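Chemist:
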Ligand code: SF4
Ligand code: SF4
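Residue numbers (our numbering), protein chains in the order written: chain A, 964 to 1657; chain B, 53 to 322.
This is the structure in structure tokens:
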């Protein structure tokens, strides 16, 4: 024992410390046990690391500054975790409690084993005693909250497993025995600084009331070894359990995708890729594989998934976990390099259809809303994996729902996904023409300020033509020199991409980029967030660099510059539905609200789920082309959420949302009346004041 | 089994009504902004052939007559893994309205291509909807003909064909070779090609002939042309009239309404 005895009378705080291993002999056994513990731990970690390394390359160590910021926000401050108040709170307590206890143990190690006397004086009193004791207590509170949630509240999103119960019990035992050991040491050594450890001194006082010093000494001895074994046991076991996330979560958050939602899908090298899309684990990137191991099983993704909410099979959590289990069972390193680009690509570790959560049915229920990605506290990217798997079904298997095949077929033949539409791309403009309002086409305008991109949804669906007409009239009213492409427009490729036909997406995108180039287009305004997202996040990689604005942003700008004036404020009560591809995928939630605030008399009413946490209309990811079971319609669920407010109108900023919500509201509204209007329609009413129609 | 499938490229039947244009003088449709697509019943025929090949061994050849653009139709068939493809390049007079000429050209091409057990066509094309080519082709080739087939099964050296009739289905046992036209059913919904196969389809061989390569004389073709003449072609104009029925009581209105309907029906000669 290098240390001075601690049981001198309390005196100078500068001398405060405690004796390490005061009651323990044969301490070498501890060091001996540490060796196998670390070996088992190391093997567990190495096993996983080896698997990740079998994945394909992807750059995720660039922009370190941004990455470190992410780690500070989501690991140290636990911002994403704290979004779920209760679970976030106990996780925060456990996280900081365990970190503090680990630091405290390290301090002991430095002090005792390295012989650097750090554990003394005020540091010993304030940190090692008081602070550590309090944080330990808070961790205990965290464990209690965890237990309450797991056994009493039992939220649907948690799937209890024996492993998680085991881990919970171990944590409790470790913290509990830690306090007992501290208390008994204080009691038995009559520690003069004992009162700096509040929990310890209470335990000490309580124990002395029922037992004598000798009994406490033996209890301490026994419990010390027990505590040690449990701690070592947990360390050795951790990498084989979901506790692995202690390592994987920070790593995963550091290596997260930093691009906006739309930029997260992979590109495919069609000349060399052994398979188009993914149906075998080794085809994923190392980051995808790391994602699988980082899952904490918290279930937040599934609880916000619109498809799951309405009772469909899709569960992003189970999708990730089932792949994780598959990864556990698979020896990825055994696959020798990428296969040749030949016909008979045989997946080594097939994913699709291997479990219910990975069934084709589930894959074709995803609206690509990215609520799961947004909700995940450890930055797991569920959506891009779903698209990877869809790609395989579409491009390699050529098997997917018939209505989606029709949409893809229509995209191939006609450049739009609306099979059977009665309209051409210019009908909405021609209808305005008959009312004496001319919409200029690109050839007619010299050097237009902006290109008005109507989009397939805005031009070919009757309901949305009104919104597109309102927008054109607004632009003209504001004196914007604009033009449309008319028949030269072709789908941006968004539906093809989300459905999984990357090849078709690239073909369509290149066609548009070429059109933009020939017409020298620099700024695009569109009312479709899907088009917006594709232009903004996906075209640059294909060489399509131009400015793109969602119409809500552009209209807000026009009003801000005084080019448009609100003459009559809307009198109705309005709520706003955030389109996923505007809010969540691109972080644009304010401009539309600002616009509505300016044009309406009453304050905007918010639905419970809004902004980045909004709930999908059910129309993204190609799902507006799929017939959903009548009792499992996402749009009706969102309609109910809108109807639950006392708004009279739902404002939207997306042609798909417009039709999905209108259908949903009509189906479930009963006697209640509720209108669905594109923001352009609302602003047009306010600007024209019902008098001058341009 | 050697199967030959005839495929026709047509103007997209889904062209929005306001975009559909014709040239009345030439008595032909104008492509305008419409796309060119494979006739849907031809796709059903190809699907029927592909399924038949999966169940019993054999080879599929695809044949099309049309302008150079019809190559697309054949490339798509190649992507679906037909074994051979042949295009007879011809700017068809009247946009392929003339079934008799088409049948004669097809027959000549088929003779040149080889011998086939089963020759499949769509039951009609989505442009003119004449539904004549199948029967006329059988006539040209001197082969038996079964129309409106939606399922084919190989059986004892021949085939069993299921055909749709006005009242239900008929099953026909037939010797080979024969010509059949295919209609759509739940079973022959056309499949879609795999992306890799689409990419590869452009590198696969494709036979291209001119009508002159088929050994037909001018006369052979013109004699077929005599069989049919399109006299006029126009887009029917849709008009609507709105009329309010007058009357004091509801009975009076109902009676007046009934009388009006009777008059209208009579005038229309129904
Ligand atoms: S993207 Fe949306 S629909 Fe798809 S799994 Fe995630 S939450 Fe569910
Ligand atoms: S994927 Fe993320 S949100 Fe979903 S269960 Fe795992 S950790 Fe939780």
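All residues carry an ideal CB built from backbone N, CA and C; glycine is no exception. In this text, all values refer to a predicted model and were calculated from it rather than measured experimentally.
If you measure beta-carbon to beta-carbon, which residues of the segment 263-293 of chain B are closer than 8 Å to chain A?
Modeler: none
Chemist: Determine which residues of the segment 297-322 of chain B have a Cβ less than 8 Å from any Cβ of chain A, and write them out in chain order.
Modeler: Answer set for the segment 297-322 of chain B: empty.
Chemist: Note the first and the last residue of the continuous beta strand (DSSP E) segment covering residue 168(B).
Modeler: Taking the first residue of the second chain as 1, we reach residue 168(B) at position 116. Per DSSP, residue 168(B) belongs to no beta strand (DSSP E) and is neither H nor E.
Chemist: Count the other CB atoms, across all protein chains shown, that sit within 10 Å of the CB of residue 147(B); report buried if there are 16 or more and exposed otherwise.
Modeler: Along the second chain, one-based indexing puts residue 147(B) at 95. For residue 147(B), the pLDDT reaches just 47, beneath the cut-off of 50, and the residue's location in the model is therefore unreliable, leaving the point undetermined.
Chemist: Write down the C-beta distance between residue 1120(A) and residue 1016(A) rounded to the nearest angstrom, noting that I regard them as a contact closer than 8 Å.
Modeler: Along the first chain, read from residue 1 onward, the residue named residue 1120(A) stands at position 157. Along the first chain, read from residue 1 onward, the residue named residue 1016(A) stands at position 53. Not a contact, Cβ separation roughly 32 Å.
Chemist: State yes or no: is the beta carbon of residue 53(B) nearer than 8 Å to at least one beta carbon in chain A?
Modeler: Here residue 53(B) corresponds to residue number 1 of the second chain, with the count starting at 1. Proximity of residue 53(B) to chain A, defined by a Cβ-Cβ separation below 8 Å, is not satisfied.
Chemist: Compare the beta carbon distance of residue 102(B) and residue 116(B) with 8 Å and say whether it is the shorter of the two.
Modeler: Translated into the one-based positions of the second chain, residue 102(B) becomes position 50. Translated into the one-based positions of the second chain, residue 116(B) becomes position 64. Not a contact, by the Cβ cut-off of 8 Å.
Chemist: Find out if the Cβ-Cβ distance for the pair residue 1392(A), residue 1447(A) is shorter than 8 Å.
Modeler: Residue 1392(A) sits at position 429 when you count from the first residue of the first chain. Residue 1447(A) sits at position 484 when you count from the first residue of the first chain. Their beta carbons are under 8 Å apart, which means residue 1392(A) touches residue 1447(A) by this criterion.
Chemist: Following the continuous beta strand (DSSP E) through residue 198(B), name the residue where it begins and the one where it ends.
Modeler: In the second chain, counting from the first residue as 1, residue 198(B) sits at position 146. From DSSP, the beta strand (DSSP E) with residue 198(B) extends over 197-207.
Chemist: Quick check on this structure: which residue in 192(B), 251(B), 53(B) has the alpha carbon closest to the alpha carbon of residue 160(B)?
Modeler: Along the second chain, one-based indexing puts residue 160(B) at 108. Nearest option by C-alpha distance: 192(B).
Chemist: Identify, in the order they occur along the chain, each residue of the same chain with its Cβ nearer than 6 Å to the Cβ of residue 1126(A), setting aside the five sequence neighbours on each side.
Modeler: In the first chain, residue 1126(A) corresponds to position 163, counting from 1. The answer, listed in chain order, is 1204.
Chemist: Sort out for me which residues DSSP pairs residue 1641(A) with in a bridge.
Modeler: In the first chain, counting from the first residue as 1, residue 1641(A) sits at position 678. The partner list for residue 1641(A) (beta bridge, DSSP) reads 1615(A).
Chemist: In three-state terms, what does DSSP make of residue 69(B)?
Modeler: One-based indexing of the second chain puts residue 69(B) at position 17. Residue 69(B): helix per DSSP, three-state reduction.
Chemist: Straight-line CA distance for residue 1440(A) to residue 1486(A)?
Modeler: One-based indexing of the first chain puts residue 1440(A) at position 477. One-based indexing of the first chain puts residue 1486(A) at position 523. When only Cα atoms are considered, residue 1440(A) and residue 1486(A) end up about 19 Å apart.
Chemist: Rounded to a whole number of angstroms, what is the C-alpha to C-alpha distance between residue 1195(A) and residue 1326(A)?
Modeler: Locating residue 1195(A) in the first chain gives position 232, counting from the first residue. Locating residue 1326(A) in the first chain gives position 363, counting from the first residue. Computed Cα separation, rounded: 41 Å.
Chemist: Beta carbon of residue 1279(A): closer than 7 Å to some heavy atom of ligand 1?
Modeler: Here residue 1279(A) is taken as the residue at index 316 of the first chain, counted from 1. Taken from the Cβ of residue 1279(A), at least one heavy atom of ligand 1 lies inside 7 Å.
Chemist: Taking all protein chains shown into account, decide if residue 1259(A) is buried (16 or more other Cβ within 10 angstroms of its Cβ) or exposed.
Modeler: Translated into the one-based positions of the first chain, residue 1259(A) becomes position 296. Buried.
Chemist: Looking only at its chain, what residues have a beta carbon closer than 6 Å to the beta carbon of residue 971(A), apart from the 5 residues adjacent to it on each side?
Modeler: The residue given as residue 971(A) occupies position 8 in the first chain. In this prediction, residue 971(A) scores a pLDDT of 44, lower than 50, which makes its location untrustworthy; no coordinate-derived value is stated.
Chemist: Cβ closer than 8 Å: which chain A residues qualify as neighbours of residue 69(B)?
Modeler: Here residue 69(B) corresponds to residue number 17 of the second chain, with the count starting at 1. 1385, listed in chain order.
Chemist: Using the C-alpha atoms, what's the distance from residue 1622(A) back to residue 1104(A)?
Modeler: What you label residue 1104(A) is simply residue 141 of the first chain in a count that begins at 1. What you label residue 1622(A) is simply residue 659 of the first chain in a count that begins at 1. When rounded, the distance between both Cα atoms is 49 Å.
Chemist: Check the Cβ-Cβ distances between residue 1358(A) and every residue of chain B, and say whether any is below 8 Å.
Modeler: Here residue 1358(A) corresponds to residue number 395 of the first chain, with the count starting at 1. Yes, its Cβ sits closer than 8 Å to a Cβ of chain B.
Chemist: Is residue 1267(A) near ligand 1 - that is, is its Cβ less than 7 Å away from at least one heavy atom of it?
Modeler: Locating residue 1267(A) in the first chain gives position 304, counting from the first residue. The beta carbon of residue 1267(A) sits closer than 7 Å to at least one heavy atom of ligand 1.
Chemist: Whole angstroms are fine: how far does the CA of residue 1033(A) sit from the CA of residue 906(A)?
Modeler: No statement about residue 906(A) is possible, as the shown extent of chain A runs from 964 to 1657 and does not include it.
Chemist: Which of helix, strand or coil does DSSP assign to residue 1147(A)?
Modeler: As a working mapping, residue 1147(A) is identified with position 184 in the first chain. Residue state, collapsed to three classes: helix.
Chemist: Grouping DSSP H, G and I as helix and E and B as strand, with all else coil, what is residue 147(B)?
Modeler: Start at 1 with the first residue of the second chain, and residue 147(B) comes out as number 95. In this prediction, residue 147(B) has a pLDDT of 47, which is less than 50 and means its spatial position is unreliable; nothing more can be read from the coordinates.
Chemist: What in chain A is Cβ-close to residue 87(B), meaning under 9 Å?
Modeler: By one-based count along the second chain, residue 87(B) stands at place 35. Identification of chain A residues near residue 87(B) by a Cβ-Cβ cut-off of 9 Å yields 1376, 1377, 1378, ordered along the chain.
Chemist: Per DSSP, what kind of secondary structure is residue 1445(A) in: helix, strand or coil?
Modeler: Locating residue 1445(A) in the first chain gives position 482, counting from the first residue. In the structure shown, residue 1445(A) falls within a strand segment according to DSSP collapsed to helix, strand and coil.
Chemist: Leaving out five residues on either side along the sequence, give the residues of the same chain with a beta carbon under 6 Å from the beta carbon of residue 64(B).
Modeler: Translated into positions along the second chain, residue 64(B) becomes position 12. For residue 64(B), where only same-chain residues beyond five positions count, the Cβ hits under 6 Å are 86, 87, 89.
Chemist: Would you be able to state if there are at least three C-beta pairs under 8 Å between the segment 1494-1507 of chain A and the segment 1265-1285 of chain A?
Modeler: no
Chemist: What do you reckon, is the C-beta of residue 1345(A) under 7 Å from a heavy atom of ligand 1?
Modeler: Position 382 of the first chain, counted from the start, is the residue given in the question as residue 1345(A). Residue 1345(A) Cβ: within cutoff of ligand 1.
Chemist: Beta carbon of residue 1338(A): closer than 7 Å to some heavy atom of ligand 2?
Modeler: Here residue 1338(A) corresponds to residue number 375 of the first chain, with the count starting at 1. Yes, the Cβ of residue 1338(A) comes within 7 Å of a heavy atom of ligand 2.
Chemist: Indicate whether at least one CB of chain A lies closer than 8 Å to the CB of residue 64(B).
Modeler: Along the second chain, read from residue 1 onward, the residue named residue 64(B) stands at position 12. Yes, residue 64(B) lies at the interface with chain A (some Cβ there is under 8 Å from its Cβ).
Chemist: Starting from residue 223(B) and walking both ways along the beta strand (DSSP E), at which residues does that stretch end?
Modeler: Within the second chain, numbered from 1, the residue matching residue 223(B) stands at position 171. Residues 221-226.
Chemist: Nearer than 7 Å: is that true of the beta carbon of residue 1318(A) relative to any heavy atom of ligand 1?
Modeler: As a working mapping, residue 1318(A) is identified with position 355 in the first chain. Result no, Cβ not under 7 Å from ligand 1.
Chemist: Which residues, in chain order, does the segment 232-251 of chain B contribute to contact with chain A at a C-beta distance below 8 Å?
Modeler: Against chain A - using a Cβ distance shorter than 8 Å - the residues of the segment 232-251 of chain B are 241, 243, 244, 245, 246, 247, 248, 250, 251.
Chemist: Give a yes or no on whether 8 Å exceeds the smallest Cβ distance from residue 1011(A) to chain B.
Modeler: If you number the first chain from 1, residue 1011(A) lands on position 48. Chain B contact via Cβ: absent.
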